[in-house]
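Numbering-wise, this note's numbering comes out as the position in the sequence shown, counting from 1, plus 19.
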Amino acid sequence: MPTEQTGYDPSLGRKFVFVTGGVMSGLGKGITAASTGRLLANAGFDVTAVKIDPYLNVDAGTMNPFQHGEVYVLKDGGEVDLDLGNYERFLDIDMTFDHNVTTGKVYREVIEKERAGDYLGRTVQIIPHITDDIKRRIREAAEGSDVCIVEVGGTVGDIEGMPYLEALRQFAHEEDDDDILFTHVTLVPYSKNGEQKTKPTQHSVKELRSIGLQPDILVGRCEDPLEEETREKIALFCDVPTGAVFSNPDVEDIYRVPLVVEDEGLDEYVMDHLGLAGEALPEGQRDTTWRETVTRESEGEVEVALVGKYGLEDAYISIHESLKHAGLEKRVDVDRQWVHSEDLADGHDGQLDGVDGVVIPGGFGSRGTEGKVEAIRYCREQDVPLLGLCLGFQLSVVEFARNVLGLEGAHSAELDEDTPHPVIDLLPEQKETEDMGGTMRLGAHETDLQAGTLARELYGASTCTERHRHRYEVNPEYIPDLEAAGMVFSGTSGNRMEVLELPDHPYFLGTQFHPEFRSRPTRASPPFVGFLDAIVTAEQPARVGGDD
Ligand code: GLN
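The following block contains the structure:
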């Protein structure tokens, strides 16, 4: 039995589930993959994941959130694709930078080795040198786990993805058949007359087979579950048993996907194929925490405004998810409103009227910052709960310096180089930094939480360890004045300010770190729980469980 007590029987070999996608991107391939992993974890296995991003960037750190969505930060400081956030949330694990394989990383390593003379005399080629490096990375990331889910980003047929698919083909040859499973996720659209169409799936499997890969399982993304006839047709044309064709229909909430695919029997099929059926916990003993958590009935609704500048839901995905997690814990639905910070610059214009709480997310550059400062002022003056994250924390200091301390023109040196009062200034160790990639203060750092403060109460501990991604911090020169005027720095790391709060306010909390990266559906993040708690307390009994 693969429990922690006895460990996984190594003679079974490490298992790999390779997940590819066809027809188009954005099908929720990662969610299907993460859901498969969740079910295997529920059955007692140690599951990890690798996300392959075939782009040439070394990491996601230099990418614009407006185009690519949020940059997710790992505990080791890796700046990675937001899909890794989904894996961490679904599997409740902490991944490392090695779990995100990019073309930039692979080629950089191979070229550096070539320069160092490691391949002396040989021609360095995609096959075998690049493919070998890809395989090595997958094997290393899988170490210590029973099952490793490997998702190949993009769609089969993309030029950039070719070396990866070739590497997987070789990989499958090198391992035992029952250690490898290929899952292919495709789109099954409806025709005008309401028929589920299988041709796109057929074509995409044909493409896959032309490069030597035969899927073991096909998952069809469709508005509704696949009809029996559709499944039979896919099975026939794609050369898999009908029982290997699963549907992944639209659901109201991604956290329900594991429940849907479990009802379809995907987990049992995967375990059978990988020879794990006899090793899994018997049904009655499996972990049901996920199902219980995500199906919790809510008892009311609260409205939260997210004041940001990247008008794309994915740019703030971890914050959205963290609000959801806290909502699951507090049993409230969180209606998240997007408010464009640039629209708030000349006064809040009524856009925040009636919202129950405001979140100011992280960000870079000056666009939209005055609107965020206005939103913070509104929350401070009107006693509206506020959660400021990273840049949101920094701008809370700016707002307080300007409007409470009366320091005209106070700003962050990042946003106004000529400010007479740089209340937020460059971290001293950043002064010599020139490269933009991977050079911020990144990853998990411990924060001391001062006794008698809200932060200490929320975390229920004297320290917390959260993830960071910043170049600027509160300028130590201004701390005595800020404190004298009533701002409390309740979390510190050495002489670095990490958490601020205003004691006479229902909830005014800012964190230099990003608590959203450690929030999980089954373990909501304390600053988010506290935020909703303050809203629910203020609202009772009027809105929550109340009149509407
Ligand atoms: N731009 C700010 C800094 O670099 C805040 C960063 C963030 O919000 N992640 O310190």
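The beta-carbon is built from N, C-alpha and C at its ideal position, and this holds for glycine as well.
For ligand 1, which residues count as neighbours when the test is a C-beta closer than 5 Å to any heavy atom? Listed along the chain, these residues meet the criterion: 381, 383, 409, 410, 488, 489, 490 and 491.
How many whole angstroms separate the CB atoms of residue 234 and residue 224, which I take to be in contact at a CB cut-off of 8 Å? Rounded, the Cβ-Cβ distance is 6 Å, consistent with contact.
Determine the DSSP secondary structure at residue 146, reduced to helix, strand or coil. For residue 146, the three-state secondary structure derived from DSSP is helix.
Is it true that the CB of residue 131 sits closer than 8 Å to the CB of residue 143? Residue 143 is not a Cβ neighbour of residue 131, given a cutoff of 8 Å.
Consult DSSP for residue 24 and reduce its assignment to one of helix, strand or coil. Note on residue 24: pLDDT 44, under 50, position unreliable in the model; no value is reported.
Counting C-beta neighbours from all protein chains within 10 Å, is the total for residue 262 16 or more, i.e. buried, or is it exposed? Residue environment analysis places residue 262 among the exposed positions, since fewer than 16 neighbouring C-beta atoms fall within 10 angstroms of its C-beta.
Taking contact to mean 3 or more Cβ pairs, one atom from each stretch, closer than 8 Å, check whether the stretch 99-111 and the stretch 324-337 are in contact. Put simply, the stretch 99-111 touches the stretch 324-337. At least three CB pairs are less than 8 Å apart.
Contact between the stretch 512-521 and the stretch 471-488 (3+ Cβ pairs under 8 Å): By the criterion of at least three beta-carbon pairs nearer than 8 Å, the stretch 512-521 is in contact with the stretch 471-488.
If you compare alpha carbons, which of 222, 165, 163 and 147 is closest to residue 190? Out of 222, 165, 163 and 147, 147 has the C-alpha closest to the C-alpha of residue 190.
When 374, 389 and 33 are compared against residue 361, the one with the closest alpha-carbon: Taking only the C-alpha atoms, the option nearest residue 361 is 389.
Can you find at least 3 beta carbon pairs, one from the stretch 87-95 and one from the stretch 109-118, that sit closer than 8 Å? Flag = yes, the stretch 87-95 and the stretch 109-118 touch.
Quick one: give me the first and last residue of the alpha helix (DSSP H) that residue 250 is part of. That run of the alpha helix (DSSP H) goes 247-257.
Of all the options 462, 450, 470 and 387, which has the alpha carbon lying nearest to the alpha carbon of residue 434? Per the Cα distances, 387.
Cutting at 6 Å between CB atoms, please list the residues of its own chain near residue 51, excluding the five before and the five after it. Only 204, 238 and 267 meet the Cβ criterion.
Just checking, does the stretch 492-501 make contact with the stretch 541-548 on the three C-beta pairs under 8 Å criterion? By the Cβ rule, the stretch 492-501 does not count as touching the stretch 541-548, because fewer than three pairs are nearer than 8 Å.
What are the start and end residues of each continuous beta strand (DSSP E) run of 3 or more residues lying completely inside the stretch 41-82, in chain order? If we require 3 residues or more, the beta strand (DSSP E) runs fully inside the stretch 41-82 come out as 66-72.
Exposure label - residue 369; buried when at least 16 CB within 10 Å: Under this definition residue 369 is an exposed residue.
Keeping to the same chain, check which residues put their C-beta closer than 6 Å to that of residue 374; ignore five residues upstream and five downstream. Leaving aside the five residues that flank residue 374 on each side, the residues in its chain whose CB is nearer than 6 Å to its CB run, in chain order, 322 and 324.
Do three or more CB pairs link the stretch 85-92 to the stretch 182-200 at distances below 8 Å? At 8 Å Cβ cutoff, the stretches do not touch.
Can you tell me the Cα-Cα spacing of residue 61 and residue 305, whole angstroms? C-alpha separation (whole angstroms): 5 Å.
Hey, quick one: how far does the beta strand (DSSP E) through residue 542 stretch, first residue to last? If you look at residue 542, you'll find it isn't in any beta strand (DSSP E); DSSP assigns it neither H nor E.
Distance, residue 200 Cα to residue 206 Cα: In a straight line, the C-alpha of residue 206 is about 20 Å away from that of residue 200.
Check residue 440 in the structure and name its three-state DSSP category. Of the three classes helix, strand and coil, the one that applies to residue 440 here is coil, per DSSP.
Let me know if residue 563 comes out buried or exposed under the rule of 16 or more other beta-carbons within 10 Å of its beta-carbon. At residue 563, the pLDDT of 45 sits below 50, so the modelled position is not reliable; the number obtained from the coordinates is stated separately. So residue 563 counts as buried.
Give me the residue from 53, 493 and 430 with the minimum Cα distance to residue 529. Among 53, 493 and 430, the Cα nearest to that of residue 529 belongs to 493.
Would residue 58 pass as a contact of residue 277 if the rule is Cβ separation under 8 Å? The answer is yes: Cβ separation under 8 Å.
C-alpha gap between residue 591 and residue 156, whole angstroms: With the chain covering only 20 through 567, there is no way to say anything about residue 591.
Going by DSSP, what residue range makes up the alpha helix (DSSP H) through residue 223? Here the alpha helix (DSSP H) through residue 223 covers 218-229.
Can you list, in chain order, the residues of its chain with a C-beta nearer than 6 Å to that of residue 72? Leave out the 5 residues immediately preceding and following it. Once the five neighbours on either side are set aside, the close Cβ partners of residue 72 are 100, 121 and 172.
Residue 509 to residue 218, Cα distance in whole Å? The straight-line gap from Cα to Cα measures roughly 59 Å.
Given 7 Å as the limit, tell me if residue 452 has its C-beta closer than that to any heavy atom belonging to ligand 2. Summarising the ligand content, the structure contains ligand 1 and does not contain ligand 2.
Using the C-alpha atoms, what's the distance from residue 174 back to residue 371? Distance between the alpha carbons of residue 371 and residue 174: 41 Å.
Nearest by alpha-carbon distance to residue 445: which of 495, 408 and 354 is it? The option with the nearest alpha carbon to residue 445 is 495.
Give me the Cα-Cα distance between residue 37 and residue 150, rounded to the nearest whole angstrom. Roughly 15 Å between the two C-alpha positions.
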